[in-house]
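Down below is the structure, laid out as C-alpha cells.
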Amino acid sequence: GKVQIELENAPSEVKELAQTLQTTLTDLSHAWEDQRQLVSNISHELRTPLTVVSGYLQSTLRRGNNLTDIQREALETASSEAERTIQLLQDLLDLARAENGRMYFHLETVVLNELLTEIEGMVDQYPTPVKISLPDQLVKIKGDKNRLKQVFLNLVDNAVKYSHSSEPILLKLSQEKQQANIQVCDRGVGIPLTHQTRIFERFYRVDEARSRNIGGTGLGLSIVKTLVEGMEGTIKVISQPNQGTTFTILFPVS
Ligand code: ADP
7 GKVQIELENA
17 PSEVKELAQT
27 LQTTLTDLSH
37 AWEDQRQLVS
47 NISHELRTPL
57 TVVSGYLQST
67 LRRGNNLTDI
77 QREALETASS
87 EAERTIQLLQ
97 DLLDLARAEN
107 GRMYFHLETV
117 VLNELLTEIE
127 GMVDQYPTPV
137 KISLPDQLVK
147 IKGDKNRLKQ
157 VFLNLVDNAV
167 KYSHSSEPIL
177 LKLSQEKQQA
187 NIQVCDRGVG
197 IPLTHQTRIF
207 ERFYRVDEAR
217 SRNIGGTGLG
227 LSIVKTLVEG
237 MEGTIKVISQ
247 PNQGTTFTIL
257 FPVS
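For the sequence shown, the positions run 7 to 260 when the numbering used here is used.
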C-alpha cells in the first residue's frame, strides 16, 4: 500500500526528507508485496505438476503387481516425498494468502463446545489419546469453522508429534469474562525458553536434527498464528523442556 506522512507546516528540508522517506517506504512495501506474490505464484505453479507426479506414482504402486521390492521401495519413497512437498507448497500458499489479507474468512457464530467435540471425533484414532474438557455453558465466538478446525488439528498434531509418552493430550475449553479460552496441553518434549518466541516464525524448528525425523515443515505454527489473529484472537505458548507444552488461544466471545 501507499505510506502517507502528514507534514503540513514543516520546514522544506523536513518535507523533502519526508517525501524521500515516503517514496522509499512505498517502494519497499511494493517490493515486499511482489515477493509475496512470487512465493504464491511459484507455489501454485509447482503444486499442479507435482500433484500429477504423485498421482502417477500412487497408481503405479497400486497396479504394480510384479514390482521388485527395490522398485516398490523406491516408488514409495518418491511418492511420500512428493506428498510432503505438495503439503509444503500448500502451506506456503496459505501463508502468502493470509499475510496479504487475501485469505477469506467465512465468519459465522461458532459454538466452540460443538467444534471441539467434532475435533475429538476426528482424532480418536491418533496414537496418543486426546481428552477433551468442556464447560457447562456454551462458548460462542465469531469465526470460520474450517479455519478453526485447521488451527486445532494443527496444534493437536504437534502435541502428538512432540510427545513420546502415552500421557493423553488435553483439549480444554473455558470462558473467562468476555474471552473464550482454548488450551492444548501435552506432556511431551517441551520447548526451551529461548525458542519459545521463535516457533511462530516461518520454517523455524527447534533442534532441526531431531525434528527432521518427525514430519513437518516448520510452517504449521506460523499458519496457526496468522489464522488466529485473522479471527481477532491471540495465541501464546507456555512450555517446560521434558515436562510438556501448553498453547493457549483467546478469542472474544460473541
Ligand atoms: P513443524 O511441526 O512442521 O516443524 P511448526 O511450525 O508446527 O512446524 O512447529 C515449529 C516447531 O515448534 C517444531 O519444529 C517443534 O520444534 C516446536 N513445537 C511445536 N509444537 C510443539 C509441541 N507441542 N511440543 C514441543 N515442541 C513443539
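Glycine included, each C-beta is placed from N, C-alpha and C at the ideal position.
Identified DSSP bridge partners for Val259: Ile147
For Asp180, the residue or residues it bridges with in DSSP: Reading the sequence as shown, one finds Ser at residue 180 and not Asp. Answer is Asn187.
Thr134 to Ala37 span [Cα, whole Å]: 45 angstroms
For Leu256 and Glu124, the rounded distance between their alpha carbons: 19 angstroms
Range covered by the alpha helix (DSSP H) that runs through Ile48: 18 to 69
Where the beta strand (DSSP E) containing Gln246 begins and where it ends: 240 to 246
Near the ligand ADP: Lys167 beta-carbon under 7 angstroms from a heavy atom: yes
Nonlocal neighbours in the same chain, by C-beta distance under 8 angstroms from Glu105, ignoring five residues either side: Arg42, Thr232
Among Asn152, Leu81, Ser85, the one whose alpha carbon lies nearest that of Phe111: A check of alpha carbon separations from Phe111 across Asn152, Leu81, Ser85 identifies Asn152 as the nearest.
N-terminal and C-terminal residue of the beta strand (DSSP E) that Val117 is part of: From DSSP, the beta strand (DSSP E) with Val117 extends over 114 to 117.
Closest residue to Val145 among Leu27, Val20, Pro258 (Cα-Cα distance): Pro258
Burial state of Tyr62, where buried means 16 or more other Cβ atoms lie within 10 Å: exposed
Inter-residue spacing [alpha-carbon to alpha-carbon] between Thr91 and Phe209: 14 angstroms
Close Cβ partners of Ser85 (< 8 angstroms) along its chain, the five nearest in sequence each way excluded: Ser60, Leu63, Gln64, Leu67
Asn164 burial status per 10 Å Cβ neighbour count (16 or more: buried): Answer is buried; the Cβ neighbour count reaches 16.
First through last residue of the beta strand (DSSP E) which encompasses Ile138: Element bounds for Ile138: 136 to 139.
Proximity below 8 angstroms, CB of Gln246 to CB of Gly194: no
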